[in-house]
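**Q** Residue numbers (my numbering), protein chains in the order written: chain F, -12 to 367; chain X, 18 to 284; chain R, 2 to 314.
Virtual Cβ for every residue (Gly too), placed ideally from N, Cα, C.
Since this is a predicted model, take the numbers as computed values, not measurements.
One structure, as structure tokens, below. Some questions next.
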């Protein structure tokens, strides 16, 4: 464990067609994923989506039904967990209750037959890394939740693993602790340069920590991209709905070269083309914060990038305000905008919603990648 | 109990009465064991250690006592080992139905009426010619205390977090090492309790031992039983006091160890 | 959600396995084969089967094969046992005594167990501990103690006389033995009761209070019903075990009013009537089995409660 920054201290991780079935029940369905050395990738998804099982297979706790796991190019699929040399951080810390913090951290080093002096030095460095130098002699019971998780972190990195797996490591902590530990994890990632794969259902955590996020749904990766790409250009409705708030419109569509025109109620909306195919109908996404709301008949809107609506609800949130607006031909949408003191809107007012042309994202019509005929572009 | 409601007070009184009721017999016996009289008259007219002297000097008492200690020790080791690995096997196994079935069989000795078990084992051991031998006692006692060891270790296993073993594996510990350094340490309280129950269960086992005993080979409880039925000398009181003393002492020892360990860690 | 999705997948947080574990993994991927673990239980299982189950079965079998005049074959031993009124009296007396012991235990143990649940940890250890110590103690020592207590002119007798009762002939009588047996069985009632009571959510009782129920009513309508599984478990256990109890009835009971266990002992040990003894044993086993099967939902937790609580103390 080095305290200077190292890129390349971590190795690449490749999952090729990784699957897990329980009887006929497919929990992980042929997952492909490539993680670059030193990259921080989060597996994000709802409960039961297969992300924890995937991590468990990489760690070796669950045998895979099919597929390959390659660490630094080498297949580790047939190796038992104690020979994979992978650091794991568990949600409930999994600290050995009968050992002190130092003994916990020393545990993996003893398995690797280091000298006592070496062990002592490395344990000290690990405790320093997580800022717990004086707590080495305490038992887990005598440590707070946050401290325990830091010890768990130290134990997982002390033996310089090429890759670190984290299973909802902050799930058991309260918000403040979570935020501070997130900072710790980011710092450790930078200092060590180790490849990290984290599993969580918390999108904010995913966005805060990761270089890329793999969104899981029903055993498959829907999309694997940077947070920004996932947010702005979601590849499916599922991803659009899972990350952030979304307003998704669907209507009869026309393909006009590099644009699509979708009919919503009596309006015609122009949307920039993406890879998504256009059938008889098409869907597009408008994030709440890209919309602007003005009184009806406002002439600011550029053609094809506006919709009429009626204000259904209005909530003042200090810096912003949230409006629920009923759009004819669609339904209720959510709009968030900076609170403008001059603009007095009330429930029942007729308004016009407008946005910049590129802010609307075309989505595939199907609900998720599972339903699409095109393959999910999950490889980098 | 910050406010003492009348109902709470009555409950406490009741509990105190029950407590005294439970403890009284042993206290009474211990008092009588120091009597100077030759009968069980209570309260004793005077004090003397003669019955304790008699206990240790009289061959039949002393030998029975040693036999009991010896048998109980062997039974403790055997039953603890077998019971612990059985509990482990049952806990880890996937086949739920098989596990349930095997558990039912292993728990049989707790529910079969003691006297029926006694005649059963007596009959078999007679045929096998091990009735009245140390082997016979050991085998019979092990079988009778095994369920308690299994129950005790199982309950400890159920509180063992699987992720601890996974963590050990991820740190590079092969399965055997994980077992020795992590699993075993954490289930130690359950194993210790099981061992205690095994020792005391054998040391105090009466009914089946009555069947299996012979004039040459007997255990302390059997000796005590014949004494109550036949004699009226208070050596039996000394014996009872000693037997109870052993029980209580071991109990307190295990509790003391547990308390000191739990002060520093969660186990 | 934790990584407890193990080889067996039973605790998988992400999956709901259909069958009993995965079926198609390549052996190379597994750390250990599932069936391996069960083998660990084999020595214990073998011992219990060979040294306990089989001998018991053999003893029962002899009820059908060993005969002495006037019984000659078939079910004769059973008709002898259940036919003669003397024998039936013994059986009935045993059952009645068993019921008396069970009720006595229940009345004594219920408040005691309740107090354990609400007591401070230190007191809890003491109250529970003393019950556990008795659980492990010598039945002879306990019985002998009652012999002293119940003897003529003994403490209980003196107490009775000071209260105005005439001489209590408790030693050498069934009631005397019953009292001692109630104490002997107490742990078997307290532990299952405690196990159930400690799991009762007291906020339910408090909710009843807020809804206007007097404490007595709240207890009857909310707490007691919730404690019934423990009551049944303990009662079942006590009754079943009291059937087979020998030492106490023999030393404290009356030779003229024997209980079934004494009767059985006499048949085997003194009279060597294995056939008749087998029949008696068979009846006892059947009675026990019927009761346990009827209450099997409670029996399992009852027996395991013996393990959990010794861990807590």
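1) Three-state secondary structure (DSSP) at residue 137/F?
2) Looking at the strands, I want to know which residues DSSP matches up with residue 204/F.
3) Note down the Cα distance separating residue 48/X from residue 205/R, rounded to an integer number of angstroms.
4) Rounding to the nearest angstrom, what Cα-Cα distance links residue 133/X and residue 194/X in this structure?
5) Using a Cβ-Cβ cut-off of less than 9 Å, list which residues of the stretch 201 to 212 of chain X approach chain F; keep chain order.
6) Any residues in the stretch 75 to 91 of chain F with a beta carbon nearer than 7 Å to a beta carbon of chain X? Which ones, in chain order?
7) Rounding to the nearest angstrom, what Cα-Cα distance links residue 63/R and residue 279/R in this structure?
8) Here's the rule: buried if 16 or more other CB atoms are within 10 angstroms of the residue's CB, otherwise exposed. What is residue 9/F?
9) So which of 145/X, 209/X, 114/X has the shortest CA-CA distance to residue 56/R?
10) How would you write the range of the alpha helix (DSSP H) that residue 242/X sits in, first residue to last?
11) Note down, in chain order, every chain F residue with its Cβ under 8 Å from the Cβ of residue 183/X.
12) Mind listing the chain X neighbours of residue 137/R? Cutoff is C-beta to C-beta under 8 Å, in chain order.
13) How far does the beta strand (DSSP E) with residue 300/F in it extend, from its first residue to its last?
14) Could you check the C-alpha separation between residue 219/X and residue 272/R for me, to the nearest Å?
15) Can you list, in chain order, the residues of its chain whose CB lies under 8 Å from that of residue 77/F, leaving out five sequence neighbours each side?
16) In this structure, does DSSP put residue 40/X in helix, strand or coil?
17) Classify residue 34/X: buried if its beta carbon has 16 or more other beta carbons within 10 angstroms, exposed otherwise.
18) Indicate the three-state DSSP secondary structure (helix, strand or coil) for residue 271/F in the structure shown.
19) In whole angstroms, what is the alpha-carbon distance linking residue 151/R and residue 180/X?
20) Out of 101/F, 85/F, 26/F, 349/F, which has the shortest C-alpha to C-alpha gap to residue 268/F?
21) How would you list, in chain order, the residues of chain X whose beta-carbon sits under 7 Å from the beta-carbon of residue 95/F?
22) Check whether the stretch 171 to 190 of chain X and the stretch 85 to 100 of chain F touch, using three or more Cβ-Cβ pairs below 8 Å as the test.
23) Report the residues of the stretch 34 to 57 of chain X with a CB closer than 8 Å to any CB of chain R, ordered along the chain.
24) Determine the burial state of residue 185/R: buried for a count of at least 16 other Cβ atoms within 10 Å of its Cβ, exposed for fewer.
25) Pick helix, strand or coil for residue 64/X, following the three-state DSSP scheme.
26) Does residue 295/R have its Cβ less than 8 Å from a Cβ in chain X?
27) Rounded to whole angstroms, what is the Cα-Cα separation between residue 71/X and residue 260/X?
28) By alpha-carbon positions, which one of 213/F, 177/F, 342/F, 86/F ends up nearest to residue 142/F?
29) Looking only at DSSP bridge pairs, what is residue 236/F linked to?
30) List, in order along the chain, the chain X residues whose C-beta lies closer than 7 Å to that of residue 57/R?
31) Classify residue 167/F: buried if its beta carbon has 16 or more other beta carbons within 10 angstroms, exposed otherwise.
32) With DSSP collapsed to three states, give me the class of residue 216/R.
33) With a threshold of 8 Å between beta carbons, is residue 224/F in contact with chain X?
34) For chain X, check one thing: does any of its Cβ atoms lie closer than 8 Å to the Cβ of residue 137/F?
35) I want to verify the contact list: residues of chain F whose CB lies under 7 Å from the CB of residue 180/X, in sequence order.
36) Looking at the C-beta of residue 274/X, does it have a partner C-beta in chain F at a distance below 8 Å?
**A** To lay it out plainly:
1) helix
2) 207/F
3) 47 Å
4) 44 Å
5) 202, 203, 205
6) 75, 77, 79, 81, 83, 84, 85
7) 5 Å
8) buried
9) 145/X
10) 237 to 247
11) 46, 48, 68, 75, 77, 81
12) 213, 214, 217, 218, 221, 264, 268
13) 293 to 303
14) 28 Å
15) 139, 154, 156
16) helix
17) exposed
18) strand
19) 56 Å
20) 349/F
21) 188, 189
22) yes
23) 35, 36, 38, 39, 40, 41, 42, 43, 45, 46, 49, 57
24) buried
25) strand
26) no
27) 15 Å
28) 86/F
29) 271/F
30) 129, 133, 134, 137
31) exposed
32) helix
33) no
34) no
35) 77, 79, 81
36) no
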